[in-house]
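Trainee: I have a structure I would like to understand better, so I am pasting it below and will then ask my questions one at a time.
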Amino acid sequence: MAQIIGARLGILFGCAVERQYTNARHEDPYERAFEDVVSRFDLFLSRTNRAVTSSGGEEQRGIIVLASSGFQKTLALLANKLQQSGTRWRQLHNITDIPFFAPAKDTRMLQFADFIANALYGRYHTSLTGDFDRIANKFDNDGGVIHGLAHLTLNSSCTCLACFSRRGRQGSLVAPYA
Numbered sequence: 030m031a032q033i034i035g036a037r038l039g040i041l042f043g044c045a046v047e048r049q050y051t052n053a054r055h056e057d058p059y060e061r062a063f064e065d066v067v068s069r070f071d072l073f074l075s076r077t078n079r080a081v082t083s084s085g086g087e088e089q090r091g092i093i094v095l096a097s098s099g100f101q102k103t104l105a106l107l108a109n110k111l112q113q114s115g116t117r118w119r120q121l122h123n124i125t126d127i128p129f130f131a132p133a134k135d136t137r138m139l140q141f142a143d144f145i146a147n148a149l150y151g152r153y154h155t156s157l158t159g160d161f162d163r164i165a166n167k168f169d170n171d172g173g174v175i176h177g178l179a180h181l182t183l184n185s186s187c188t189c190l191a192c193f194s195r196r197g198r199q200g201s202l203v204a205p206y207a
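Our numbering applies: residue 30 is where the sequence shown begins, and numbers increase by one.
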């Protein structure tokens with residue numbers, strides 16, 4: 030699966046959340062991760078649209094497709110709230126609709142997303158980095174900063190790919206969107 034993802038032209042987005050981080054802020058880790066990924070996707074589309082329209086192209090919009098799960102109702106409500114009120118950082122401009130839900134077994138793209146989630150879990154929670162290392166270069170990046178991957182941690186000296194790429198640009202690490 031990692032070889033298939035690595036060979037495709039695609040951009041990945043993900044968020045690894047340490048429970049201590051969300052517990053300290055009294056946030057739900059799943060909702061925080063969802064908001065973070067949606068915001069990153071919207072920012073990617075904004076950056077892409079600036080480049081496309083400056084060369085006379087047509088703006089693009091994005092849709093979010095999620096695997097059906099026990100979180101479906103919660104995520105649908107949160108997505109609707111984000112569409113109406115924006116994220117904690119900004120209004121969404123490029124997401125066209127509420128998320129669509131489908132069984133993961135019915136589409137390869139959701140199977141890819143499942144693999145990516147497992148690779149992130151392996152990297153950030155069990156120190157199994159093999160799958161993550163094979164897909165790490167697919168996360169949205171620009172100017173040496175990995176925008177498509179967030180690591181929400183209280184560890185200000187974390188040297189993971191996401192944290193390290195931001196540290197060089199900001200001088201000292203500030204949690205993404207904190």
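All C-beta atoms in this analysis are idealised placements derived from N, C-alpha and C, irrespective of residue type, glycine included.
(1) Please confirm whether residue 182 and residue 59 have their CB atoms less than 7 Å apart.
(2) Going along the chain, which residues of its own chain have a beta-carbon closer than 6 Å to the beta-carbon of residue 147, five neighbours each way excluded?
(3) Helix, strand or coil for residue 107 per DSSP?
(4) Would you verify that the beta carbon of residue 157 is, or is not, closer than 7 Å to some beta carbon of chain C?
(5) Can you tell me whether DSSP reads residue 163 as helix, strand or coil?
(6) Enumerate, from N- to C-terminal direction, the unbroken beta strand (DSSP E) stretches of 3 or more residues contained entirely within the segment 42-76.
(7) Within the same chain, show all residues whose beta-carbon is closer than 6 Å to that of residue 130, passing over the 5 residues directly before and after it, in chain order.
(8) For a quick check, are the C-beta atoms of residue 90 and residue 123 less than 7 Å apart?
(9) Inspect the CB distances between the segment 141-158 and the segment 101-118 and report whether three or more fall short of 8 Å.
(10) Would DSSP call residue 95 helix, strand or coil?
(11) If I'm right that residue 108 touches residue 127 with Cβ under 8 Å, what's the distance once you round it to whole angstroms?
(12) Rounded to a whole number of angstroms, what is the C-alpha to C-alpha distance between residue 200 and residue 167?
(13) Could you tell me which of 194, 180, 57, 145 sits nearest to residue 39, measuring between CA atoms?
(14) With burial defined as no fewer than 16 other Cβ atoms inside 10 Å of the residue's Cβ, what is the status of residue 193: buried or exposed?
(15) Keeping to the same chain, check which residues put their C-beta closer than 8 Å to that of residue 138; ignore five residues upstream and five downstream.
(16) What's the C-alpha gap between residue 71 and residue 92?
(17) What ranges does the beta strand (DSSP E) occupy inside the segment 109-159, keeping only unbroken runs of at least 3 residues that lie completely in it?
(18) CA-CA distance, residue 47 and residue 165?
(19) Using a Cβ-Cβ cut-off of 8 Å (strictly less than) and excluding sequence neighbours within five positions of residue 103, which residues of its own chain qualify?
Mentor: A quick look at the data gives this:
(1) Stepping through the sequence shown from its first residue, residue 182 is reached at position 153. Stepping through the sequence shown from its first residue, residue 59 is reached at position 30. No, the pair does not count as a contact, with Cβ atoms beyond the cut-off.
(2) Taking the sequence shown and counting its residues from 1, one reaches residue 147 at position 118. Once the five neighbours on either side are set aside, residue 147 has no close Cβ partner at all.
(3) On the sequence shown, position 78 is the one that residue 107 refers to. In the structure shown, residue 107 sits in a helix (DSSP, three-state: H, G or I).
(4) Here there is only one protein chain, and chain C is not present.
(5) Here residue 163 is taken as the residue at index 134 of the sequence shown, counted from 1. In the structure shown, residue 163 sits in a helix (DSSP, three-state: H, G or I).
(6) 43-46
(7) To locate residue 130, count along the sequence shown from 1; it is residue 101. Counting only Cβ-Cβ distances below 6 Å, and skipping sequence neighbours, we find 95, 97, 101.
(8) For the purposes of this step, residue 90 is taken as the residue at position 61 of the sequence shown. For the purposes of this step, residue 123 is taken as the residue at position 94 of the sequence shown. It is a contact, given that the beta carbons lie within the stated cut-off.
(9) no
(10) Counting from one through the sequence shown, the residue named residue 95 turns up at place 66. Strand at residue 95.
(11) Residue 108 sits at position 79 when you count from the first residue of the sequence shown. Residue 127 sits at position 98 when you count from the first residue of the sequence shown. That pair is a contact at about 5 Å.
(12) Your numbering for residue 200 matches position 171 in the sequence shown. Your numbering for residue 167 matches position 138 in the sequence shown. Bear in mind that a pLDDT of 44 at residue 200, under 50, signals an unreliable position, so the model cannot answer this.
(13) Numbered from 1 along the sequence shown, position 10 holds the residue referred to as residue 39. Checking every option, the nearest Cα to that of residue 39 belongs to 145.
(14) Taking the sequence shown and counting its residues from 1, the one referred to as residue 193 is at position 164. For residue 193, the number of other beta carbons within 10 angstroms of its own is below 16, and it is reported as exposed.
(15) Position 109 of the sequence shown, counted from the start, is the residue given in the question as residue 138. For residue 138, where only same-chain residues beyond five positions count, the Cβ hits under 8 Å are 94.
(16) Looking up residue 71 in the sequence shown gives position 42. Looking up residue 92 in the sequence shown gives position 63. CA-CA distance, residue 71 to residue 92, rounds to 10 Å.
(17) 129-131
(18) What you label residue 47 is simply residue 18 of the sequence shown in a count that begins at 1. What you label residue 165 is simply residue 136 of the sequence shown in a count that begins at 1. Separation of residue 47 and residue 165 (C-alpha to C-alpha, rounded to the nearest whole angstrom) is 19 Å.
(19) Locating residue 103 in the sequence shown gives position 74, counting from the first residue. Closer than 8 Å at the Cβ level, and outside the excluded window around residue 103, lie 59, 60.
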